[in-house]
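Enquirer:
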Amino acid sequence: MAESKPSTDYVESIADERVVPCIDELKGSGDADPNDPQNWSKTARLATYLTICFYTFLANVNSSNFTVATKAIIQEFNVTQTQAGELVCFNVFLFGLGNIFWVPLMRVVGKRPVYLVSMLALCMMNVWSSYSSSYGELLASRILSGFVAAAADATVPAVVSDMVAPQDRGHYLMVFHLALTSGLFIGPLINAYLVQEQGWRWMCYFLAVAVGVTFVVAVFTIRETTYLQGRPRVAKRSARQWMSLRLGYNPKASFVRTLLDIVCNVAYPQLLWAAFSIGISVGWNIVVQLTASRTFTAPPYNWPAGSLGLLSLAGFIGSVLAFYLGGRLIDIISTRYTNRYGQRLPEYRLPAIIIPGVIGPGGILVFGLCIANQTHWIGAAVGYAMQAFGVAAISNVAVTYCLDCYKPLTGEALVIIFVVRNTIGMLLSLYAADWITRQGEAAVFGEMTAIQVTSILVAIPLFVWGAPLRAWTARYGPMKRFQGAEN
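Here it is in structure tokens:
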């Protein structure tokens, strides 16, 4: 093992415990190519990344908007509660499944074209939803809107990997997860008041306008972050040259091979742990939202839709509080371990899960007991905030860990995570109400707490034996191809 180095020197391990110098990753490529995303100005990187993250926020607002319009949909289209719920659950499912299309496409054509096409398509889908004259037409538009919005999901950590050095990735990825969770929490607040004051169609009008404006801004702010090492070096590109849609095109990439890589990633234990940990966290948040909607609009609370939306502010506050403890703290812990042992390992990020691993499950239990005993709404709001803190922080720790484990496959690896996450969300959207009806709030939320604690405890063996496990898994699947290239 390499001897301890000053804090400006770091080493990184991708597939095994070999010491791989990564000074270039910290300071850009060795030849300081100004077109390398890691050598861009901070303004250019932030403009690109924050525009993408804002689109992630809107994509998640799109996935959660009909959670507050159930009553209005039932009345207008004369459908059942289950049918109204399908507008959410199938949208959520395609929001995860769509990554299977967008990530392989991203590998071939680059990231900028994918984001621009997705934004334009999501704008059109919401225009369609707003003018839907039947339930079937509305359902079709919601399914397709989930599919096109998926481009704002698993592709984003790949952008972070392109632009950001290892010691800052946790912080940058937390911005992505804050945007994601803000869509889940702020979205219902905005949409609840739109439904209450203007009707459900205005939710779709609002999103169409917001995404359309973001598309116009993105044309000028989102640069292509794909950097192909084999290309001849050119002079620093002008702002007009950065607007090209061909800068990320990779003739050597294969849509089919990337698709196969995604399927093969199911065999990697670290990804499966992250997928189920994140899926459970986000899935429990869906149960919390559905339970809150059912409980607080009925006696003894009798809240209007707008007040129900305000409850989502508790979740937003929790996710904001997670910004440091689930973001920068990951980098600080990892860097201290690296300085101590002279080697950067992905497992050094896992201790950061301890704090959200206590607060998140605790919030689920607090919320469930308050709902079961019909206490003052403040108790449920505190539990909601704690649970939201756990969603944001646990998700970021797991994603950052996987990014370090499988950096060559960042996009492909995260597809598995988000597909599993949204599949769990879809199933809970369909069956959570029946689960609670059969067993009661106290029992169900107690079981949810136990399941989440169990998933978090799996991080302990990963921390202890993660390095040899990665070395073993590098012998098969897509990582074998990259391992061979390194050797």
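Per this note's numbering: the sequence shown ends with 526, consecutive numbering throughout. Built from N, CA and C at the ideal position, the CB exists for glycine as well.
Can you tell me where the alpha helix (DSSP H) holding D443 begins and where it ends?
Expert: 416-444 is the extent of the alpha helix (DSSP H) around D443.
Enquirer: Run the CB neighbour count on R151, radius 10 Å, all protein chains shown included, and call it buried at 16 or more, exposed below.
Expert: The residue is buried, with at least 16 neighbouring Cβ atoms inside 10 Å.
Enquirer: Is it right to say W416 is buried, meaning 16 or more other beta carbons lie within 10 angstroms of its own, or is it exposed?
Expert: Buried.
Enquirer: So, for F140: in the same chain, excluding its five sequence neighbours on each side, which residues have a beta-carbon less than 8 Å away from its beta-carbon?
Expert: Result list for F140: F186, A189, in chain order.
Enquirer: For G175, is the classification buried or exposed, using 16 other Cβ atoms within 10 angstroms of its Cβ as the cut-off for buried?
Expert: The residue in question, G175, is exposed, as its Cβ has fewer than 16 Cβ neighbours within 10 Å.
Enquirer: Taking the alpha-carbon of G422 as reference, which of F215, F406, G399 has the nearest alpha-carbon?
Expert: Nearest option by C-alpha distance: F406.
Enquirer: Could you pull the start and end residues of the alpha helix (DSSP H) that K81 belongs to?
Expert: Here the alpha helix (DSSP H) through K81 covers 81-103.
Enquirer: In angstroms, rounded to a whole number, what distance separates the CA positions of V503 and Y170?
Expert: Using only the alpha carbons, I get a separation of about 55 Å.
Enquirer: Can you give me the C-alpha to C-alpha distance between D300 and V198, rounded to a whole angstrom?
Expert: Distance between the alpha carbons of D300 and V198 is about 19 Å.
Enquirer: Could you say which of E125, D207, G345, I317 lies nearest to Y232 if we only look at CA atoms?
Expert: The option with the nearest alpha carbon to Y232 is G345.
Enquirer: Pick helix, strand or coil for R262, following the three-state DSSP scheme.
Expert: R262 falls in the coil class under three-state DSSP.
Enquirer: State the DSSP-derived secondary structure class of D192, mapped to helix, strand or coil.
Expert: In this structure, D192 counts as coil in the three-state DSSP scheme.
Enquirer: Is DSSP giving C61 helix, strand or coil here?
Expert: Here C61 scores only 36 on pLDDT, less than 50, and its place in the model is too uncertain to base an answer on.
Enquirer: For G479, I'd like the list of residues in its chain whose CB is within less than 7 Å of its CB, leaving aside the five on either flank, ordered along the chain.
Expert: So the qualifying residues of the chain are A411.
Enquirer: Compute the Euclidean distance between the alpha carbons of L310 and Q268, then round it to the nearest angstrom.
Expert: The alpha-carbon atoms of L310 and Q268 are separated by roughly 27 Å.
Enquirer: Would you mind reading off the limits of the alpha helix (DSSP H) that contains V374?
Expert: Rather than Val, the amino acid found at residue 374 in this sequence is Thr. It spans 368-380 - the alpha helix (DSSP H) in which T374 sits, taken as one unbroken run.
Enquirer: Short check: CB of L413 to CB of P339, under 8 Å?
Expert: Residue 413 is actually Gln in this sequence, not Leu. Yes, the pair counts as a contact, with Cβ atoms nearer than the cut-off.
Enquirer: Mind the definition here: the stretch 359-369 touches the stretch 425-437 only if three or more C-beta pairs lie below 8 Å; say whether that holds.
Expert: Judged by Cβ distances under 8 Å, the stretch 359-369 makes contact with the stretch 425-437, as three or more pairs qualify.
Enquirer: Measure the CB-CB distance between Y154 and A257 and report whether it falls below 8 Å.
Expert: Yes, Cβ-Cβ distance for Y154 and A257 is below 8 Å.
Enquirer: Is A193 closer than 8 Å to C92 when the C-beta atoms are compared?
Expert: No, Cβ-Cβ distance for C92 and A193 is not below 8 Å.
Enquirer: What residue from T265, T119, Q77 has the CA that sits closest to Y288's CA?
Expert: Nearest C-alpha to Y288: T265.
Enquirer: I'd like the list of long-range same chain contacts for H210, defined as Cβ closer than 7 Å, with 5 residues on each side in sequence excluded.
Expert: Cβ neighbours of H210 beyond the five flanking positions: G366, R367, D370.
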